[in-house]
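Please read the structure below before turning to the comments.
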Amino acid sequence: MRVSRLRELKPTILKIGGSVITDKDKELEVRMQTINRLAEEIREASVQNLIIVHGGGSFGHPLAQRYAITEGFKEQTQKAGFSETHHVMTVLNGLFMDALIWRNIPAVSITPSSCIITKNGRIQRFEDAPLKMLLKMGFFPVLYGDAVLDSKLGFTILSGDQLVSMLATKLNAERIVIGVDVDGLYDDDPRVKKTAKMFKHLTLEELKRLESKLGKPTTCDVTGGMFGKIVELLPAIEQGIPVTIVNATKPNYIYKVIKGKKVKGTIIEKE
Ligand code: IP8
0 MRVSRLRELK PTILKIGGSV ITDKDKELEV RMQTINRLAE EIREASVQNL IIVHGGGSFG
60 HPLAQRYAIT EGFKEQTQKA GFSETHHVMT VLNGLFMDAL IWRNIPAVSI TPSSCIITKN
120 GRIQRFEDAP LKMLLKMGFF PVLYGDAVLD SKLGFTILSG DQLVSMLATK LNAERIVIGV
180 DVDGLYDDDP RVKKTAKMFK HLTLEELKRL ESKLGKPTTC DVTGGMFGKI VELLPAIEQG
240 IPVTIVNATK PNYIYKVIKG KKVKGTIIEK E
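The opening position of the sequence shown corresponds to residue 0 in numbering that gives the first Met the number 0, with each subsequent residue numbered one higher.
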């Protein structure tokens with residue numbers, strides 16, 4: 000079959016937060032059971048045109064913070080830190096890939112640091128041909144937040160959320176699903192404040208008004224936690240791509256949401 004004649008459906012972009020697949024309180028602590036369960040849910044949902052992006056959790060973030068990778072290249076000692084940060088992300092990605100591939104999911108890992116260059120932390124160049132071809136052929140590309148080269152800073156950290164937003168706008172995605180470790184988007188951190196209220200539905204305008212009130216991260220997260228996540232998604236929402244935020248630590252939530260079924264969570268739409 001000619002590749003040019005293969006499917007051209009709009010993709011769904013699924014982000015699995017680092018706090019779901021790792022224990023953010025313990026460095027390099029993977030939650031393998033959760034990864035296996037999520038892989039099982041993705042297999043059972045058997046959807047087409049899915050791009051998966053995962054975060055760094057207790058793999059990428061502590062190292063990135065220790066070596067100040069986000070701030071850019073200032074001294075030679077950071078070089079080992081850049082390599083280590085990128086390496087631990089490939090290790091976490093490998094564990095995720097194991098879980099997907101051994102379940103016969105045609106997932107293929109795309110290493111962001113090999114196809115993306117940022118400028119002052121924002122994506123400047125992205126070689127998207129392999130990703131587009133993988134999608135056309137029915138593979139599931141899997142990407143992740145990574146330590147990447149930066150044309151102004153030397154290097155920096157690229158969050159999975161900036162990646163999700165860029166992919167969604169570039170490929171005009173059908174929707175974005177964000178799997179986190181809380182039930183949705185709250186007006187305060189629900190793990191700290193019991194009175195925090197969850198939003199079921201928000202329009203772009205409502206979200207912009209709320210921006211300043213969204214919770215700042217309480218554990219080590221060099222890319223801004225929930226606040227950073229949502230701000231990154233604004234361009235995609237502006238383009239009319241809906242975002243659903245759900246609790247991926249709860250069994251079957253990811254399965255249901257990618258199947259298009261209703262689950263508890265926050266939906267953010269342009270209007
Ligand atoms: O967890 C950051 O990605 P995120 C990845 O999606 C690293 O913010 C290397 C810290």
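Even glycine gets a Cβ: it sits at the ideal position worked out from N, Cα and C. In this text the structure is predicted, and so the values were computed from the model without any measurement.
Element boundaries [alpha helix (DSSP H), containing residue i]
i      : result
TYR252 : 252 to 257
GLU92  : With the sequence shown as reference, residue 92 is identified as Asn, and Glu is not the correct amino acid for it. Start and end: 77 to 100.
Cα-Cα separation between residue i and residue j, rounded to whole angstroms
i      : j      : result
GLY259 : THR76  : 48 Å
LEU13  : THR168 : 14 Å
LEU233 : PHE72  : 29 Å
ALA354 : VAL256 : Outside the shown range of the chain, which is 0 to 270, sits residue 354, and nothing can be said about it.
LEU133 : GLU205 : 37 Å
ALA172 : CYS114 : 20 Å
PHE154 : PRO189 : 34 Å
ILE336 : GLU83  : Only positions 0 to 270 of the chain appear in this structure, which leaves residue 336 out of reach.
ARG124 : ARG30  : 33 Å
MET96  : ASN119 : 30 Å
LEU99  : ALA106 : 7 Å
PRO129 : THR33  : 29 Å
THR110 : ASN92  : 9 Å
MET136 : LYS193 : 47 Å
Contacts around residue i, its chain only, beta-carbon distance under 8 Å, and the 5 residues preceding and following it disregarded
i      : result
ILE104 : ALA38, ILE41, ARG42, PHE139
LYS9   : ASN48, LEU170, ASN171, ALA172, GLU173
VAL163 : ILE12, LYS14, VAL52, ILE175, ILE177, GLU231, LEU232, ALA235
Sub-8 Å separation of residue i and residue j beta-carbons
i      : j      : result
VAL242 : GLY183 : no
VAL52  : LEU142 : yes
ILE116 : ASP160 : no
GLU126 : THR202 : no
ILE253 : GLY178 : yes
ILE68  : ALA146 : yes
THR265 : MET197 : yes
MET165 : ILE122 : yes
6 Å CB neighbourhood of residue i in its chain, flanking five on each side removed
i      : result
ARG208 : none
ARG4   : Low per-residue confidence applies at ARG4: pLDDT is 49, beneath 50, and the placement is therefore not dependable enough to give any value.
PRO250 : none
TYR66  : GLN77, GLY80
Span of the beta strand (DSSP E) around residue i
i      : result
SER108 : 106 to 108
ASN48  : No beta strand (DSSP E) contains ASN48, which DSSP labels as neither H nor E.
ARG30  : Per DSSP, ARG30 belongs to no beta strand (DSSP E) and is neither H nor E.
LYS118 : 115 to 118
GLN123 : 121 to 125
Close Cβ partners of residue i (< 7 Å) along its chain, the five nearest in sequence each way excluded
i     : result
GLU26 : SER57, PRO61
* Asked: Within the chosen definition, does the segment 50 to 70 reach the segment 11 to 26 through at least 3 CB pairs nearer than 8 Å?
  -> yes
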